[in-house]
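Residue numbering for the sequence shown is 1 to 350, as defined by the UniProt record's numbering. From the three backbone atoms N, C-alpha and C, an ideal C-beta is built for every residue, glycine too. It should be emphasised that the depicted structure is a prediction, and the values quoted were computed from it without experimental measurement. Notes to accompany the following structure.
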Amino acid sequence: MTSPSQPAASPRIDPAALRLSVAPMMDWTDSHCRVFHRLLAPHARLYTEMVHANAVIHGDRERLLGMDASEHPVALQLGGSEPELLAQAARIGADWGYDEINLNCGCPSDRVQAGRFGACLMREPALVADSVAAMVAACTASGRDVPVTVKCRLGVDDDHDYDCFRAFIDIVADAGCGMFVVHARNAWLQGLSPKENREVPPLRYDWAYRLKRERPDLQVVVNGGIADAGEAAAHLNHADGAMLGRAAYHTPYLLHRLDVAWFGGEVKPRAELLRALRPYVEAQLERGVFLKHITRHLLGLFANERGGRAFRQVLSEGAHKPGADWSLVERAIAITESFATAHDSDRQPA
Ligand SMILES: Cc1cc2nc3c(=O)[nH]c(=O)nc-3n(C[C@H](O)[C@H](O)[C@H](O)COP(=O)(O)O)c2cc1C
1 MTSPSQPAAS PRIDPAALRL SVAPMMDWTD SHCRVFHRLL APHARLYTEM VHANAVIHGD
61 RERLLGMDAS EHPVALQLGG SEPELLAQAA RIGADWGYDE INLNCGCPSD RVQAGRFGAC
121 LMREPALVAD SVAAMVAACT ASGRDVPVTV KCRLGVDDDH DYDCFRAFID IVADAGCGMF
181 VVHARNAWLQ GLSPKENREV PPLRYDWAYR LKRERPDLQV VVNGGIADAG EAAAHLNHAD
241 GAMLGRAAYH TPYLLHRLDV AWFGGEVKPR AELLRALRPY VEAQLERGVF LKHITRHLLG
301 LFANERGGRA FRQVLSEGAH KPGADWSLVE RAIAITESFA TAHDSDRQPA
């Protein structure tokens, strides 16, 4: 039993559900993208783009929070730094059916810094703790077991002290957060764009591993720079999971390979996986969604494959045209199949 002064703990996430996840990515991991990723990786944990708590409270909820039933398990990532607002937004997210509410403590953009949230919260552990405690209480009140988690960096600017990072984690964990996604590099708040902030500050996975060793009861997911299946698997020896961002988006078939390798099942060809998206696409077109809003997420499916460039080109050039429908996707698939057949016939003995 927790004492009245001790914040409640967030429910623990099933360890298998943490092994593989796709990072929250603004403008990329919208609902269409998540539905596609779900088809490729039935066991992956998916994250929304960051949504500010104020937008959740005052904005168009259907547009911001709407999701497809196939997306679960899916986490809503919130931005903000006012505990009461975050608590309200977390409760709304829990009531909408999200499986996890994640607080962004890693975004370095100027706009986010001006709003005093994102990565600059690494310097305000007490405020993050208050926010987490309020969010946990709100999610508990929702009556659903919705964990509250944090995605953070190692520090900001010239923070180079592991103890300082661990102190941040300890304070936030004491407030009820049991799972941390660690983007294993600092955020540099001056002089780097968000893109550079995903590339320039050096990766230090060892800090995330050490955290897991020293705080084995916490669930730690490693994120940052994971480029292939071998690298992803290596993190599982030291942490609870691997979260992939850009590699998952640009080469989504990697998600399928990882899902099969880690959870079992059969490796399916790209075309078969894509064709399973057809009912979703047709239902969306029926609702007035433009094909291009879905196909933009599919472009990397045949990356590094024969016909991959042509696949991309057919979709990019055709999807914005009036009346574009599933037949365009079939045409793009057919091109990859013709490349494969030509390749097979290359190998036939003369
Ligand atoms: C286009 C883009 C948008 C992003 N938006 C968010 C976001 O909304 N919230 C967040 O926590 N991180 C965001 N990130 C950071 C990713 O979640 C991830 O931490 C980062 O890309 C490092 O992982 P990776 O090397 O596997 O891509 C974004 C990254 C990209 C590329």
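Three-state secondary structure (DSSP) of I101 | Three-state result, I101: strand.
Identify whether S109 lies in helix, strand or coil by the three-state DSSP scheme.
-> S109 falls in the coil class under three-state DSSP.
Any heavy atom of ligand 1 closer than 7 Å to the Cβ of D95?
-> D95: no, Cβ never under 7 Å from ligand 1.
Put A350 into one of helix, strand or coil per three-state DSSP.
-> With a pLDDT of 35 at A350, under the threshold of 50, the modelled position of this residue cannot be trusted; read the value that follows with caution. DSSP places A350 in coil when its eight states are reduced to three.
Whole angstroms is fine: what's the gap from A334's alpha carbon to D259's?
-> Each residue's alpha carbon lies about 26 Å from the other.
For L18 versus H43, is the C-beta distance shorter than 8 Å?
-> No, the pair does not count as a contact, with Cβ atoms beyond the cut-off.
Just the C-alpha distance for T2 and Y98, rounded to the nearest angstrom, thanks.
-> Caution applies to T2, whose pLDDT of 46 falls short of 50 and renders its modelled position unreliable; the value that the coordinates give is listed next. Between the alpha carbons of T2 and Y98 lies a gap of roughly 25 Å.
Under a Cβ-count criterion, where at least 16 other Cβ atoms within 10 Å of its own Cβ denotes burial, should G308 be classed as buried or exposed?
-> Residue burial is scored here from C-beta neighbours: G308 has at least 16 other C-beta atoms within 10 angstroms and is therefore classed as buried.
Looking only at its own chain, which residues have a Cβ that is under 6 Å from the Cβ of L291, when we skip the five neighbours before and after it?
-> Cβ within range, chain order: A319 and A324.
At least three beta-carbon pairs within less than 8 Å, the region 114 to 132 to the region 150 to 159 | Touching, yes, given that three or more Cβ pairs across the two stretches are closer than 8 Å.
Would you kindly check if the distance between the Cβ of A208 and the Cβ of A175 is under 8 Å?
-> No, the pair does not count as a contact, with Cβ atoms beyond the cut-off.
Evaluate contact between the region 43 to 61 and the region 267 to 276, counting only Cβ atoms and requiring at least three cross-stretch pairs below 8 Å.
-> Verdict: no, contact absent.
Please look up how many angstroms separate the CB atoms of V182 and L192, rounded, as I've assumed it's under 8 Å.
-> Their Cβ separation, rounded to whole angstroms, is 19 Å, which puts V182 and L192 out of contact at 8 Å.
Measuring only between beta-carbons, confirm whether E330 sits less than 8 Å from chain C.
-> Judged by its chain identifiers, the structure shown contains no chain C, having just a single protein chain.
Grouping DSSP H, G and I as helix and E and B as strand, with all else coil, what is T336?
-> The answer is helix: DSSP assigns T336 an H, G or I state.
Give a single yes or no on whether C107 has its beta carbon closer than 7 Å to a heavy atom of ligand 1.
-> C107 Cβ: within cutoff of ligand 1.
Could you give the uninterrupted runs of the alpha helix (DSSP H) lying entirely in the region 11 to 82, keeping only those of 4 residues or more?
-> For the region 11 to 82, whole alpha helix (DSSP H) runs of length 4 or above, ordered along the chain, are 31 to 40, 53 to 58 and 61 to 65.
Can you tell me the Cβ-Cβ gap for S109 and G118, rounded? I've got them flagged as a contact below 8 Å.
-> Indeed they touch by this definition, with Cβ atoms about 7 Å apart.
DSSP on T341, reduced to helix/strand/coil?
-> Helix at T341.
When you compare each of G93, V35 and E272 to E62 by their alpha carbons, which one comes out closest?
-> Checked all of G93, V35 and E272; the closest Cα to E62 is G93.
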